[in-house]
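Read top to bottom, the protein sequences are chains S and X.
Each residue of the first sequence is one higher than the one before, counting from 1 in our numbering.
Each residue of the second sequence is one higher than the one before, counting from 160 in our numbering.
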Amino acid sequence: MYFALFFLSLVTYFSGLPPFSSLGIIVPIMSFLFWGLRSTLVRHLWGAAAAGFIFDLYLPVPIGFHILFFLSLAILMYLGKRFFRSHYFWGDYILVSGGSFVAGILFYIFSYVILGRRHLTFQYLASEGFLFLIISILMYFIIRWRFLHQSAEGESHVI
Amino acid sequence: MQHRSNGRWIFLGLLGVVVMSILVFAPVRRFSTSAVSKIFSPIVRPFHLAGTWVRGGMIRLSAWEGAIANQDAIEHLAVDKAVFESLKKENADFRALLAIRASTKRNGEYAEVTGGFHEDRDEYITIATSGEIPEGSVVLSPSGILIGIVRTSTADQATVRLISSPSETVTVSILPANAEGVLVGDNNGEYQISLIPGSAQVHTGDPVLSAGRNENILPGTLIGYVAEALYVSGDTFLSVRAKVPLDAMNLDHVFVIE
Numbered sequence: 001m002y003f004a005l006f007f008l009s010l011v012t013y014f015s016g017l018p019p020f021s022s023l024g025i026i027v028p029i030m031s032f033l034f035w036g037l038r039s040t041l042v043r044h045l046w047g048a049a050a051a052g053f054i055f056d057l058y059l060p061v062p063i064g065f066h067i068l069f070f071l072s073l074a075i076l077m078y079l080g081k082r083f084f085r086s087h088y089f090w091g092d093y094i095l096v097s098g099g100s101f102v103a104g105i106l107f108y109i110f111s112y113v114i115l116g117r118r119h120l121t122f123q124y125l126a127s128e129g130f131l132f133l134i135i136s137i138l139m140y141f142i143i144r145w146r147f148l149h150q151s152a153e154g155e156s157h158v159i
Numbered sequence: 160m161q162h163r164s165n166g167r168w169i170f171l172g173l174l175g176v177v178v179m180s181i182l183v184f185a186p187v188r189r190f191s192t193s194a195v196s197k198i199f200s201p202i203v204r205p206f207h208l209a210g211t212w213v214r215g216g217m218i219r220l221s222a223w224e225g226a227i228a229n230q231d232a233i234e235h236l237a238v239d240k241a242v243f244e245s246l247k248k249e250n251a252d253f254r255a256l257l258a259i260r261a262s263t264k265r266n267g268e269y270a271e272v273t274g275g276f277h278e279d280r281d282e283y284i285t286i287a288t289s290g291e292i293p294e295g296s297v298v299l300s301p302s303g304i305l306i307g308i309v310r311t312s313t314a315d316q317a318t319v320r321l322i323s324s325p326s327e328t329v330t331v332s333i334l335p336a337n338a339e340g341v342l343v344g345d346n347n348g349e350y351q352i353s354l355i356p357g358s359a360q361v362h363t364g365d366p367v368l369s370a371g372r373n374e375n376i377l378p379g380t381l382i383g384y385v386a387e388a389l390y391v392s393g394d395t396f397l398s399v400r401a402k403v404p405l406d407a408m409n410l411d412h413v414f415v416i417e
């Protein structure tokens with residue numbers, strides 16, 4: 001189900017279907033991290049490579065740019081899960097939301113330094129920050145809903 | 160436990176081999192891009208059609224019928240005025256233009272729009288093509304307005320970066336003043352035009368055409384019309400904003416000129 005959500009976010013991102021077309025790349029990134037919460041490292045890495053490849057296929061960037069980006073995110077998620085050991089609400093929320101924030105920073109640095117996109121102004125970053133806030137709030141409720149439906153004994157992270 | 164751990168290393172190794180093959184070997188890359196686009200594009204297409212339908216509905220909900228008719232009229236007026244002005248200019252340079260057109264016998268294709276998205280501040284549409292289109296090919300709307308340039312291409316699809324993206328720069332000419340400047344997108348359905356001399360007689364509604372100084376873009380292709388031209392006392396250049404007479408994200412077909 002989590003993978004299906006991630007795949008759906010990828011499809012809607014590239015299709016231009018409103019309102020996903022306005023939300024930008026933050027939705028696929030966040031759903032990728034959300035899927036990572038319940039996925040093993042190997043599956044997550046394969047998904048990262050596939051998603052990165054699709055992005056590289058569609059966008060005029062050097063091949064491997066998005067593959068490396070998503071692989072780094074998968075490894076970050078793995079390290080985060082190792083650190084937290086088991087699922088708990090704020091831990092999961094920080095992994096997804098904080099992970100997206102780190103991803104945004106990484107993406108900005110990659111774009112600015114490697115691709116030389118000097119038009120990424122403060123005004124643009126502010127609008128992206130606002131979108132991030134909206135999706136983070138949405139993710140808060142999704143993760144909360146997930147916790148209301150998990151085992152009473154708690155669950156360990158799948159590594 | 161040991162067995163599971165071995166399996167994990169095998170899958171990780173396999174992933175490394177696949178990724179490295181794609182990055183290093185061009186034939187593997189070509190094959191995989193073609194295969195993935197063949198699988199992924201048909202999945203994206205119905206969502207794009209749904210998006211077109213939703214956007215069309217949103218436009219109709221948010222605007223009066225008269226406003227829609229007005230928008231259409233503005234588009235046609237802009238096209239007509241641009242054609243008129245460009246004909247006047249072309250008449251003077253007729254022989255030279257004929258020579259250019261004769262030397263650039265180029266193929267064209269009528270392509271279906273299959274998706275649209277934005278990354279950073281750049282806007283893109285994806286189109287279905289009958290073969291691999293050279294990168295840098297020019298994309299026009301069915302009414303002949305320049306909307307973008309092909310930036311990546313596989314055997315059956317291409318990604319077009321719209322010129323409303325800040326990453327695209329086009330040299331333009333504003334008629335009838337014949338003032339040349341540089342146009343950059345602003346993600347707002349508007350373009351910023353810089354380097355127009357302060358002395359140029361530029362007015363609201365003047366058509367903005369390509370100047371033909373970019374590779375592949377023929378001179379005289381309509382891009383938009385002037386929405387505002389401001390002269391600030393003491394400045395060497397005018398501050399010009401141009402408007403796009405259509406919503407490129409909402410097109411269902413485009414012309415691709417190779």
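Ideal Cβ placement from N, Cα and C applies to all residues, glycine included.
Taking 8 angstroms as the threshold (beta carbon to beta carbon), is residue i in contact with chain S?
{"i": "X/I181", "result": "yes"}
{"i": "X/G274", "result": "yes"}
{"i": "X/S221", "result": "no"}
{"i": "X/V177", "result": "yes"}
{"i": "X/H412", "result": "no"}
{"i": "X/H362", "result": "no"}
{"i": "X/T112", "result": "This structure cannot settle anything about residue 112 of chain X, because the visible part of chain X is limited to 160 through 417."}
{"i": "X/F243", "result": "no"}
{"i": "X/E268", "result": "no"}
Which same chain residues end up closer than 7 angstroms to residue i when comparing Cβ atoms and leaving out the 5 residues on each side of it in sequence?
{"i": "X/S193", "result": "T313, A314"}
{"i": "S/L131", "result": "L23, G24, I26"}
{"i": "S/Y58", "result": "F14"}
{"i": "S/D56", "result": "I63, G64, F65, H66, I67"}
{"i": "S/Y124", "result": "none"}
{"i": "X/Y269", "result": "H412, F414"}
Using 8 angstroms for Cβ pairs, my map puts residue i next to residue j. What's the rounded Cβ distance?
{"i": "X/I306", "j": "X/V413", "result": "7 angstroms"}
{"i": "S/L76", "j": "S/A49", "result": "No, S/L76 and S/A49 are not in contact; Cβ-Cβ is about 15 angstroms, not under 8 angstroms."}
{"i": "X/S326", "j": "X/V415", "result": "About 19 angstroms; that fails the 8 angstroms criterion."}
{"i": "X/V385", "j": "X/V399", "result": "6 angstroms"}
{"i": "S/P60", "j": "X/T328", "result": "Wrong, their Cβ atoms sit about 14 angstroms apart, outside the cutoff."}
{"i": "S/F34", "j": "S/G52", "result": "Incorrect: roughly 17 angstroms between the Cβ atoms, too far for contact."}
{"i": "S/R38", "j": "S/V158", "result": "6 angstroms"}
{"i": "X/G340", "j": "X/S323", "result": "With a Cβ gap of about 16 angstroms, X/G340 and X/S323 do not count as contacting."}
{"i": "X/A317", "j": "X/S200", "result": "About 11 angstroms separates the two Cβ atoms, so there is no contact after all."}
Do we get a CB-CB distance below 8 angstroms when we pair residue i with the residues of chain X?
{"i": "S/P60", "result": "yes"}
{"i": "S/V11", "result": "yes"}
{"i": "S/V158", "result": "no"}
{"i": "S/F53", "result": "yes"}
{"i": "S/G24", "result": "yes"}
{"i": "S/V102", "result": "no"}
{"i": "S/W46", "result": "yes"}
{"i": "S/L210", "result": "The displayed coordinates of chain S run from 1 to 159. Any statement about residue 210 of chain S would go beyond what the structure contains."}
{"i": "S/A49", "result": "yes"}
{"i": "S/L57", "result": "yes"}
{"i": "S/F147", "result": "no"}
{"i": "S/V96", "result": "no"}
{"i": "S/I105", "result": "no"}
In the DSSP output, which residue or residues are listed as bridge partners for residue i?
{"i": "S/V158", "result": "Beta-bridge pairing links S/V158 to no other residue."}
{"i": "X/P366", "result": "X/Y384"}
{"i": "X/V331", "result": "X/G340, X/S369"}
{"i": "X/Q316", "result": "X/A287"}
{"i": "X/D281", "result": "X/E278"}
{"i": "X/L389", "result": "X/S398"}
{"i": "X/S353", "result": "X/V341"}
Near residue i, what residues of its chain come up, given a Cβ to Cβ distance below 8 angstroms and the 5 sequence neighbours on each side ignored?
{"i": "X/L410", "result": "V272, I284, S300, P301, I306"}
Quick one: residues in its chain with C-beta nearer than 6 angstroms to the C-beta of residue i, no 5 flanking neighbours on either side, listed in chain order?
{"i": "S/F32", "result": "F6"}
{"i": "X/R204", "result": "T273"}
{"i": "X/A126", "result": "For residue 126 of chain X there is no data in the structure shown, the boundaries of chain X being 160 and 417."}
{"i": "X/E244", "result": "L334, P335, P366"}
{"i": "S/P28", "result": "S9, L10, Y13"}
Evaluate the contact criterion for the segment 89-97 of chain S versus the segment 343-358 of chain X: three or more CB pairs, one atom per stretch, below 8 angstroms. no
Using a Cβ distance threshold of 8 angstroms, determine whether the segment 328-338 of chain X contacts the segment 362-375 of chain X, with at least three qualifying pairs required. yes
Tell me whether the segment 324-332 of chain X and the segment 372-390 of chain X touch, counting them as touching only if at least three CB pairs, one residue from each stretch, are closer than 8 angstroms. yes
Decide yes or no for the touch test of the segment 34-44 of chain S against the segment 230-242 of chain X: beta carbon pairs closer than 8 angstroms, at least 3 of them. no
Any chance the segment 4-22 of chain S sits against the segment 272-279 of chain X, with 3 or more Cβ pairs inside 8 angstroms? Contact between the segment 4-22 of chain S and the segment 272-279 of chain X is present: 3 or more CB-CB pairs across the two stretches fall below 8 angstroms.
Any contact between the segment 78-88 of chain S and the segment 130-137 of chain S? By contact I mean 3 or more CB pairs, one from each, below 8 angstroms. no
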